[in-house]
Amino acid sequence: MIEITEKAQIELADLLKSKSASPEAGLRLAVRKGGCAGWQYEMNVAEAEAGDETVVAGEARVIIAADSFDKLRGCIIDFSDDLTDAGFKILNPKARRSCGCGTSFEPDDEPEGSGAEDGEVCGGEGGNS
0 MIEITEKAQI ELADLLKSKS ASPEAGLRLA VRKGGCAGWQ YEMNVAEAEA GDETVVAGEA
60 RVIIAADSFD KLRGCIIDFS DDLTDAGFKI LNPKARRSCG CGTSFEPDDE PEGSGAEDGE
120 VCGGEGGNS
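Be aware that the sequence shown starts at 0, since it is given in numbering that gives the first Met the number 0, and climbs by one per residue.
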């Protein structure tokens, strides 16, 4: 379903420990309508809900929301520790384009919309954890 890079596995395991998350909790990932490019990523530490899929890699757990499977299939979860852009990153092969802050995207299976041009900053705060 998705891949979690080694760097993301380490950072996610540390995050879950620092939050004293339950053994069933993980980084729950979903997509929702919104953002400057049409769809935005939503990430939080939570337990799986009915129908969700859990991907375990090492001590890291990523939970994919049931209603987001199609838009997230084939994604790679990575972690960047860049000074100005730190956090979990989603590399989505289904994204036709994404905004400059990397928190929203336009899927390649929908008609082109009126979102931000690829790389254009949408002015949002960013949704990366």
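Glycine is no exception: its CB is placed at the ideal position from the N, C-alpha and C atoms.
Inset, instruction - Given a cut-off of 9 Å, decide if residue 41 and residue 64 are closer than it, judged by their beta-carbon atoms. - result: yes
Inset, instruction - Helix, strand or coil for residue 17, going by three-state DSSP, please let me know. - result: helix
Legend entry - Neighbour-count burial assignment, residue 59, 16 or more Cβ in a 10 Å radius: buried
Legend entry - Residue span of the beta strand (DSSP E) that contains residue 32, given as start and end: 24 to 32
Legend entry - Boundaries (first-last residue) of the beta strand (DSSP E) holding residue 90: 86 to 90
Legend entry - Paired residues, beta bridge with residue 42 - DSSP: 28
Legend entry - DSSP three-state assignment for residue 51, whether helix, strand or coil: coil
Inset, instruction - Please classify residue 56: does DSSP put it in a helix, a strand, or coil? - result: strand
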